[in-house]
Amino acid sequence: MGDQIRHIDLTNQLPARVPGAVLHALQALARGEAVEFLTAVDPAHAMAVANLQWRDMLAWETRTAGRGRWRTVVRRREDVAPSDAVDVLMRDHKRLDALFAHALQSVNEGRMRQTAADLQGFAEGLRRHIHVENDVLHPLFSRPQGSPEAESAVAMLREHEEILAQTALLEDFFASGLPRAQEVAAFFAILSGLLAKHEHREEIGLFPYWRAAISHAPTAVGAHLLATAREAVEGRASAKEGDADEDR
Ligand SMILES: [Fe+2]
Ligand SMILES: [Fe+2]
230 MGDQIRHIDL TNQLPARVPG AVLHALQALA RGEAVEFLTA VDPAHAMAVA NLQWRDMLAW
290 ETRTAGRGRW RTVVRRREDV APSDAVDVLM RDHKRLDALF AHALQSVNEG RMRQTAADLQ
350 GFAEGLRRHI HVENDVLHPL FSRPQGSPEA ESAVAMLREH EEILAQTALL EDFFASGLPR
410 AQEVAAFFAI LSGLLAKHEH REEIGLFPYW RAAISHAPTA VGAHLLATAR EAVEGRASAK
470 EGDADEDR
């Protein structure tokens, strides 16, 4: 990737000290930078701890390096291309959260023109995101009724309806001029709660299943889903069936 790599040898550390040492070394991990650790213990636990501290913003690859040692290269997740369509959706959750947080801040400060712009950006992104979930991944991986995966999918579809309805209700307030902050603040708060619960449930209940299904699908299918999801959430594709031919 042509980025700078810092090499850190932790093979002399006691196993119990490795997570702390990894965390310390990653403290100032900058964009475009990579850190490579050499460890004498499997770094999976240390990396899980570090990633939790980093609020899931790390990407890493571990390889065995012979003689009971492991080599792990760590980068910021934003510096690494998404690994699959589910990764695209998880990153998009963070992006949508940030857009919505900005809208909430604008409404709390009574800046209604800015709120209208923020809401519009969020709503467009939300519809593109839900399109990928409802129309691209869900039909492909739907499971027999009664299975836990099917129940998670039913819950997802229902919550999408609620979130879209709540978003449309908010947009209605802005359809003919700017409302006062007090008129809409409570509706923003309701949507904020719906969104947070929904994203969490998807990431815990449905995404692990989708991710496993993608990993068992032929490589070309996974690559096509990744490209389709990326283009759709970024608004680059018209997000409709038949886009497949334009991918190459
Ligand atoms: Fe969703
Ligand atoms: Fe989602």
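Residue numbering for the sequence shown follows our numbering, starting at 230 and increasing by one per position. Cβ atoms here follow ideal geometry from the backbone N, Cα and C, with glycine treated the same way.
The beta carbon of Ala314 is closer than 6 Å to those of Leu454, Leu455 and Ala458 in its chain, skipping five residues each way along the sequence. Under the DSSP assignment, Phe370 falls outside any beta strand (DSSP E), being part of the alpha helix (DSSP H) whose first and last residues are His367 to Phe370.
Judged by DSSP secondary structure, Ile237 falls within the beta strand (DSSP E) whose first and last residues are Gln233 to Asp238. When the alpha-carbon of Ala442 is set against those of Leu369, Val361 and Pro311, the nearest one is in Leu369. At a Cβ-Cβ threshold of 9 Å, Trp289 and Val278 do not count as neighbours.
The alpha helix (DSSP H) runs lying completely inside the stretch 397-459 and spanning 4 residues or more are 410-430 and 436-445, given in chain order. For Arg387, the three-state secondary structure derived from DSSP is helix. Annotation for His322 indicates a beta carbon within 8 Å of some heavy atom of ligand 2.
Residue side-chain check: Glu378 keeps its Cβ at 8 Å or more from all non-hydrogen atoms of ligand 2. Shown in chain order are the residues whose CB sits closer than 6 Å to a heavy atom of ligand 1: Ile359, Glu362, Met385, His389, His427 and Glu431. With a threshold of 16 other beta carbon atoms within 10 Å, Pro272 meets it and is buried. An exposed status is given to Ala404, since fewer than 16 other beta-carbon atoms sit within 10 Å of its beta-carbon. From the listed residues Pro377, Ala352 and Pro408, the smallest Cα separation to Ala394 is found for Ala352.
In this structure, Leu328 has its beta carbon at no less than 8 Å from each heavy atom of ligand 2.
Leu318 has its CB nearer than 8 Å to a heavy atom of ligand 2. Here Glu400 is not near Gln343, since their CB atoms are 9 Å or more apart. Residue burial annotation: Arg296 is exposed, with fewer than 16 other C-beta atoms found within 10 angstroms of its C-beta. In the DSSP assignment, Val278 falls within the unbroken alpha helix (DSSP H) covering Ala273 to Gln282. Under the DSSP assignment, Glu338 falls outside any beta strand (DSSP E); it carries neither an H nor an E label.
A direct Cα-to-Cα measurement between Gln411 and Arg340 gives close to 12 Å. For Ala352, the secondary structure class from DSSP, reduced to helix, strand or coil, is helix.
With a cutoff of 9 Å on beta-carbon distance, Ile234 and Glu262 are scored as near each other. According to DSSP, Leu267 shares a beta bridge with Asp238 and Arg300.
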